[in-house]
Amino acid sequence: MRVGYVNPGRVSDEAPQADAARRQLQEEFAPRDAEILSMQESLRALEDRLAEQRLSLSAEAQQDLQREIVNNRRRIQRQQEAFREDFNMRRNEALGDLQQRILRVVSEFAEEQGFDLVVSDGVVYASDTINITDRIIERLQRQYEQQRSSE
0 MRVGYVNPGR VSDEAPQADA ARRQLQEEFA PRDAEILSMQ ESLRALEDRL AEQRLSLSAE
60 AQQDLQREIV NNRRRIQRQQ EAFREDFNMR RNEALGDLQQ RILRVVSEFA EEQGFDLVVS
120 DGVVYASDTI NITDRIIERL QRQYEQQRSS E
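Here the working numbering is used: the first residue of the sequence shown is 0, the next is one more, and so on.
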C-alpha cells in the first residue's frame, strides 16, 4: 500500500493561485475601501469644524452640524458592514475555488503516481518520505505558469 501525506495549509499558503486570488480581491475591493477612507476623512473634517467653531456657531447651526456628523457616521458604518460582508463572501468563494483546485491536483497526482491513500489534516507525524506537499506545490506552480502564458 502506497501512502502519501499533504499539508493543505502549506499548499494553500504557497500556491501561486492563492497569491493571485489575494491580489484579485485587493484590486476588486480597493476602490470601495478608498471610498470609505474618504468618507471617514470628511467626517473627521466635520468633527474638527464643529470643535473649532463651537463657540461661534449658533445653537441651530451646531445642531445641524451634529446631525450631519451622526448621519455621516451611520452611513460609514453601513458602508463598512456591507464592505466586510461582500469581501468575506468573495474571499470564501476564492478559498473554496482554491481548495477544489488543490483537491483535484492531489487526486490527479496520487492517481498518476500510484498512491493508494493520501492523508492531510489530523496527522500527528508524517515522514518526509511520504510527504508530497512540495510536489503538489510544484505542480500548482506549473499549472499557474501555463495558465498565465496562455492568457
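Virtual Cβ for every residue (Gly too), placed ideally from N, Cα, C.
Whole-angstrom distance between residue j and residue i, CA atom to CA atom
i      : j      : result
Glu137 : Arg73  : 48 angstroms
Gln104 : Leu139 : In the sequence as presented, Gln is not what sits at residue 104; that position holds Val. Near 7 angstroms, if we compare the C-alpha coordinates of Leu139 and Val104.
Arg89  : Glu150 : 23 angstroms
Leu36  : Arg21  : 21 angstroms
Glu59  : Glu67  : 12 angstroms
Ser11  : Gln79  : 28 angstroms
Glu26  : Gln16  : 15 angstroms
Asn91  : Gln61  : 45 angstroms
Val118 : Leu42  : 53 angstroms
Ser55  : Leu97  : 59 angstroms
Phe28  : Arg9   : 26 angstroms
Gly95  : Arg147 : 21 angstroms
Ser106 : Asp18  : 22 angstroms
Gln99  : Pro7   : 11 angstroms
Glu84  : Ala33  : 17 angstroms
Residue i classed as buried or exposed, judged by whether at least 16 other C-beta atoms fall within 10 angstroms
i      : result
Thr132 : buried
Residue nearest to residue i in terms of C-alpha spacing, selected from the options
i      : options                           : result
Phe114 : Ile101, Val122, Tyr124 and Asn130 : Asn130
Gly3   : Ala125, Gln146 and Arg141         : Ala125
Gln142 : Asn6, Arg1 and Ala14              : Ala14
Glu111 : Val122, Asp120 and Ile135         : Ile135
Met155 : Asp120, Leu116 and Gly121         : The question about residue 155 has no answer, for the chain in this structure spans 0 to 150.
Beta carbon of residue i nearer than 8 angstroms to that of residue j
i     : j     : result
Arg31 : Phe82 : yes
Asn70 : Met38 : no
Ala93 : Leu45 : no
Residue range of the unbroken beta strand (DSSP E) whose run includes residue i
i      : result
Val2   : Val2 to Tyr4
Val117 : Leu116 to Val118
First and last residue of the uninterrupted alpha helix (DSSP H) at residue i
i      : result
Leu64  : Ala58 to Gln112
Ser41  : Pro15 to Gln52
Ser149 : Thr132 to Ser149
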